[in-house]
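For what it's worth, the numbering used here labels the leading residue of the sequence shown as 3, then goes sequentially.
What follows is a set of notes on a single structure, which appears directly below.
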Amino acid sequence: MIRSIVESCGAYLPERVMTNDELAKKVDTSDEWIIQRTGIRSRHIAADGEFTSHLAIKAADQALSRANMKAADLDLIVLATATPDQTFPATATKVQATLGMHRGAAFDVQAVCSGFVYALSVADNMIKGGMAGSALVIGAETFSRILDWNDRGTCVLFGDGAGAVVLKAGEGKGTAQDRGILWSSVHSDGRYHDLLYVDGGPSTTGTAGFLRMQGREVFKHAVTNLAAVVGETMGKVGLEAKDIDWLVPHQANKRIIDGTGRKLGLSADKVVVTVDHHANTSAASIPLALEAAVTDGRVKRNDLLLLEAMGGGLTWGASLVRW
Ligand code: ACO
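As structure tokens, this is what we get:
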């Protein structure tokens, strides 16, 4: 059977780093509160004139060069973002043009923090269906642009960044030992729209709006939904938690990450954590964490990775990938 093999990954973080102490000068908060409740110590913030597409292009360039591929070799770009450069066209088409890919298809996927898992599952199914032989999947965000910097309950939680992976069609035997994406599960439940949303948009206020969140409620749903989708995904492939080499979770909050790792019975050294220096970069957080663990040599060929995320919508999902 056709499998989508992950050829390479790339990442980009804006140069400017904002510490908790800097934030404490803007709003009534403290380094101690932020670390204790979230595990976040610092985040990267895009410069003036640096857009989501710019971050995406840098991450994509690195992933393509590590795969020894040119953009012209790609059939597909799927870009997960909730902070596009413009309402339309899709940020993916800007990335496509700048990279020099003039054929195939490029489009955005919007599932907020779950966006990367959604994008990965869309690209994987297009490859498996024979519509594409290769794909670039990107998660890129500039959440700093939609934060209310006077709201201490949200502005301390997010950062900017981008990560990307290159997928290529390969042959598998249809077993859990195959390399590539083994299974992805995605879910949403729009009844919980008001727990996490942006209070603007082209069809409502005509402005971009600001992020609004009921943090405690989101936290409760995250713990329940992530446990369910992880169990569902493992079950589809016939694997158990003990088979996982690395948990590469969406980086929203250290307490949510620790809770998921504990439920799976994984020791802390099997969980990739970057939330301390990236904060929550929404759709970019999984590929950023993945790239960190691949580059420092933790993730090795044939390792089994579990990716999982939850975000606004509510949306949630998980992917099992053999590296
Ligand atoms: N600094 C200091 N105090 C603060 C801050 C801050 N930055 N933010 C809130 N507080 C105060 C509140 O005002 C409140 O004070 P009060 O008791 O006097 O009213 C107190 O801290 C407790 O507030 P809670 O919101 O109940 O704090 P909680 O322990 O739930 O932590 C947090 C808040 C960190 C947002 C937590 O709920 C959380 O992480 N939720 C998950 C949200 C999330 O990760 N969203 C990301 C998108 S979805 C996803 O990616 C999974």
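For every residue, glycine included, the Cβ atom is placed at its ideal position computed from N, Cα and C.
If I follow the unbroken alpha helix (DSSP H) through residue i, where does it start and stop?
i	result
K60	T54 to R68
S321	Run containing S321: none in the alpha helix (DSSP H); it sits in the beta strand (DSSP E), T317 to R324.
M382	No statement about residue 382 is possible, as the shown extent of the chain runs from 3 to 325 and does not include it.
C115	Here C115 belongs to no alpha helix (DSSP H), and DSSP marks it neither H nor E.
H279	V277 to H280
G261	K256 to L266
A99	T93 to L101
R18	Per DSSP, R18 belongs to no alpha helix (DSSP H); it is in the beta strand (DSSP E), R18 to T21.
E34	D33 to T40
Assign residue i to buried or exposed, taking buried as 16 or more other Cβ atoms, counted over all protein chains shown, within 10 Å of its Cβ.
i	result
E293	buried
D23	exposed
D271	exposed
T89	exposed
S67	exposed
K96	buried
Residues in its own chain within less than 7 Å of residue i by CB, not counting five upstream and five downstream?
i	result
Q98	I79 and A108
L184	A178, V239, L322, V323 and R324
E52	P16
M71	V168
A281	I42, R45, L159, F160 and G161
V291	According to the sequence as given, residue 291 is Ala; it is not Val. Counting only Cβ-Cβ distances below 7 Å, and skipping sequence neighbours, we find V250, Q253, V274 and T276.
R105	none
Please go through the same chain and pick out, in chain order, the residues whose beta-carbon is closer than 8 Å to the beta-carbon of residue i, but skip the five residues on each side of it.
i	result
D30	R154
G132	I4
W248	K272, V273, V274, A295, R300, V301, D305, L306, L307 and L308
R18	H46, I47, A48 and A49
A26	S32 and D33
D87	F53, T54, S55, T93 and K96
For residue i, which residues from the same chain have a beta carbon less than 6 Å from its beta carbon, with the 5 sequence-adjacent residues on both sides left out?
i	result
I36	N22, I42 and V158
T144	A48, T54, T85 and D162
L198	M215, V220 and G314
R5	G172, G174, D180 and G182
A286	G141, A142, E143, G163, A164 and G165
P204	T89
M227	The residue you asked about is not Met; residue 227 is Asn in the sequence shown. Here the set comprises M312 and W318.
L266	A243
G176	M3
Please state whether the Cβ-Cβ distance between residue i and residue j is less than 8 Å.
i	j	result
F160	L149	yes
A229	C115	no
A125	T317	no
N139	V167	Correcting the residue type first, residue 139 is Val in the shown sequence and not Asn. Closer than 8 Å, so yes.
T235	P251	no
L309	S321	yes
S44	H279	yes
D110	A134	no
G12	A65	yes
M103	A137	no
A92	Y120	no
S10	A61	no
V231	G117	no
T40	K256	yes
L268	I246	yes
G192	G202	no
I258	A224	yes
S123	S190	no
Start and end of the beta strand (DSSP E) containing residue i?
i	result
E9	I4 to Y14
A82	L78 to A82
A294	Per DSSP, A294 belongs to no beta strand (DSSP E); it is in the alpha helix (DSSP H), S287 to T297.
I47	S44 to I47
A311	L306 to G313
Y199	L198 to V200
P204	Premise fails: P204 is in no beta strand (DSSP E) and is neither H nor E.
P86	It is not in any beta strand (DSSP E) - P86 carries neither H nor E in the DSSP assignment.
V250	W248 to P251
Should residue i be counted as a contact of the ligand HEM given a C-beta to heavy atom distance under 7 Å?
i	result
R43	This structure does not include the ligand HEM; its bound ligands are the ligand ACO.
**Prompt:** Going along the chain, which unbroken runs of the beta strand (DSSP E) with 3 or more residues stay wholly within the stretch 123-188?
**Reply:** Listed in chain order, the complete beta strand (DSSP E) runs (minimum 3 residues) inside the stretch 123-188 are 136-144 and 162-173.
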